[in-house]
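Every letter in the sequence shown is one number past the one before it in full-length UniProt numbering, and letter 216, counting from 1, is 216. Positions of the beta carbon are idealized from the N, C-alpha and C atoms, including for glycine. On a predicted model such as this, the values are computed, not experimentally measured, just so you know. Just below is one structure, and these are the notes that go with it.
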Amino acid sequence: MGVPPQPPAPSLGPRKAGRRAPPPSCVSRPWSSPHPLARCLPFTGPLPHVRPSAPSSFQLTFPLPTVAAPRDAEIQKDVQTYYGQVLKRSADLQINACVTTARPVPKHIREALQNVHEEVALRYYGCGLVIPEHLENCWILDLGSGSGRDCYVLSQLVGEKGHVTGIDMTKGQVEVAEKYLDYHMEKYGFQASNVTFIHGYIEKLGEAGIKNESHDIVVSNCVINLVPDKQQVLQEAYRVLKHGGELYFSDVYTSLELPEEIRTHKVLWGECLGGALYWKELAVLAQKIGFCPPRLVTANLITIQNKELERVIGDCRFVSATFRLFKHSKTGPTKRCQVIYNGGITGHEKELMFDANFTFKEGEIVEVDVETAAILKNSRFAQDFLIRPIGEKLPASGGCSALELKDIITDPFKLAEESDSMTSRCVPDAAGGCCGTKKSC
Numbered sequence: 001m002g003v004p005p006q007p008p009a010p011s012l013g014p015r016k017a018g019r020r021a022p023p024p025s026c027v028s029r030p031w032s033s034p035h036p037l038a039r040c041l042p043f044t045g046p047l048p049h050v051r052p053s054a055p056s057s058f059q060l061t062f063p064l065p066t067v068a069a070p071r072d073a074e075i076q077k078d079v080q081t082y083y084g085q086v087l088k089r090s091a092d093l094q095i096n097a098c099v100t101t102a103r104p105v106p107k108h109i110r111e112a113l114q115n116v117h118e119e120v121a122l123r124y125y126g127c128g129l130v131i132p133e134h135l136e137n138c139w140i141l142d143l144g145s146g147s148g149r150d151c152y153v154l155s156q157l158v159g160e161k162g163h164v165t166g167i168d169m170t171k172g173q174v175e176v177a178e179k180y181l182d183y184h185m186e187k188y189g190f191q192a193s194n195v196t197f198i199h200g201y202i203e204k205l206g207e208a209g210i211k212n213e214s215h216d217i218v219v220s221n222c223v224i225n226l227v228p229d230k231q232q233v234l235q236e237a238y239r240v241l242k243h244g245g246e247l248y249f250s251d252v253y254t255s256l257e258l259p260e261e262i263r264t265h266k267v268l269w270g271e272c273l274g275g276a277l278y279w280k281e282l283a284v285l286a287q288k289i290g291f292c293p294p295r296l297v298t299a300n301l302i303t304i305q306n307k308e309l310e311r312v313i314g315d316c317r318f319v320s321a322t323f324r325l326f327k328h329s330k331t332g333p334t335k336r337c338q339v340i341y342n343g344g345i346t347g348h349e350k351e352l353m354f355d356a357n358f359t360f361k362e363g364e365i366v367e368v369d370v371e372t373a374a375i376l377k378n379s380r381f382a383q384d385f386l387i388r389p390i391g392e393k394l395p396a397s398g399g400c401s402a403l404e405l406k407d408i409i410t411d412p413f414k415l416a417e418e419s420d421s422m423t424s425r426c427v428p429d430a431a432g433g434c435c436g437t438k439k440s441c
């Protein structure tokens, strides 16, 4: 199946000659300096704690593409092995990246999590809660869907008129997800399945049959870091999103540029650290592709539970963070606006925590920047808000809130440190329960 023609991916610029990273420390670099996404060499050392098993057979729904770059192909093979054979459950992970949002989980999401089959939940390897708001009747694509936990939660929330597609390159994970299709549809009382699973690559969605502008929302949970060509993943997500749609995803980021020792370590790739993106690069990629600037939702610091991996990592810092990237037309408000949330979104009837910077309470006037106003006006949230440029009178409300642009938080490490000082972490197990910051899910 052919891929629609795509423009050549723009380069982030050449690496400065003669510049080498002294492991195990991270190397700081100015925000303005060019930095290409790392192409990583395969690590040739032994894998600690590996318990290999024979891969099971699987009939592909779509032919997987031939990957041109040998290094990328080697990384993909290593990741497939790690998630298909080495890891058997989330407790096998050696870092706490699967510690999720410090924000409270709405009741309807907790109930949806409880409906997921135990085996599916046990093989969850995400690092966030990728369940955005206002999902009724939406078409959602999950990049790197794994055993299908997030897909099955989302399928309940979109309802029978919505649809969820999950795509993953690890055939063992896809097999687990497909095994419980009938179980979940029967539990939800749906007459027909509203979930599809595809074995394929998330950077080659066209070859998996995913068409242009076919989805309202794309989600991903701690998977983009596992792909060498992150720009291509984001480019594909942009292509398949409808105008006004969003990429709502959790992933791992690093505070500084990673040294070679980390970028070529097999286990650290499998544990979502070796391929982590320097957090400022996300804004660069988003701008090149055409997304709105990234909107930070939640962030949590990552700790390591393996002494050998701690030695390799040295003083590098990692965070799991959730961002939302919107695809909208350039039409819309051209100046700051005041908005009023009408209320009524399922699970957020009285208060909508849109991101780390904006919380909208029902009936309250909130002053927002131009970008936020344009997103609300051009997305699925348009009917949920009254939006007026500053100077035009809005209906009377119970209060008023304003946020200066200088106060907007974009650094996930800053947000994680603030959250860490105020509250404990919540881990979404099958029952939606919580555990402490040092525990893995």
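Within the segment 276-309, the alpha helix (DSSP H) runs of at least 4 residues that lie entirely inside it are, in chain order, 281-289. It is roughly 10 Å from the alpha-carbon of T254 to the alpha-carbon of G274. Scanning K361, I340, V339 and G244 for the CA closest to the CA of K327 turns up G244.
Using a Cβ distance threshold of 8 Å, V158 and N115 do not count as a contacting pair. If you compare the alpha carbons of S379, E111, E367 and P132 with that of Y248, the shortest gap goes to P132. Per the coordinates, the alpha-carbon of L309 lies some 32 Å from the alpha-carbon of L113.
With a contact defined as Cβ atoms closer than 8 Å, G144 and I202 qualify at about 6 Å.
In the three-state reduction of the DSSP assignment, M353 falls in the strand class. Here DSSP, grouped into helix, strand and coil, assigns L376 to helix. Non-local beta-carbon contacts of R380 in its own chain, meaning distances under 6 Å to residues more than five positions away in sequence, involve H134 in chain order.
Around the C-beta of G146, 16 or more other C-beta atoms lie within 10 Å, and the residue is accordingly described as buried. DSSP places G343 outside both helix and strand once states are collapsed to three, so it counts as coil. Put simply, of E261, Q232, P104 and E418 the residue whose alpha carbon is nearest the alpha carbon of D315 is E261. A residue is called buried when at least 16 other Cβ atoms come within 10 angstroms of its Cβ; P104 does not meet this threshold and is exposed. Here D407 is exposed. Its C-beta has fewer than 16 other C-beta atoms within 10 Å. Taking 8 Å as the cut-off, the beta carbon of V218 is found closer than this to the beta carbon of A237. An exposed status is given to T346, since fewer than 16 other beta-carbon atoms sit within 10 Å of its beta-carbon. Distance from the Cα of N300 is smallest, within the candidate group L415, C337 and Y180, for L415. For A321, no alpha helix (DSSP H) encloses it; the enclosing beta strand (DSSP E) starts and ends at F318 to F326. Bridge pairing for W139: H163 [DSSP]. Beta-bridge annotation (DSSP): R388 is paired with Q338.
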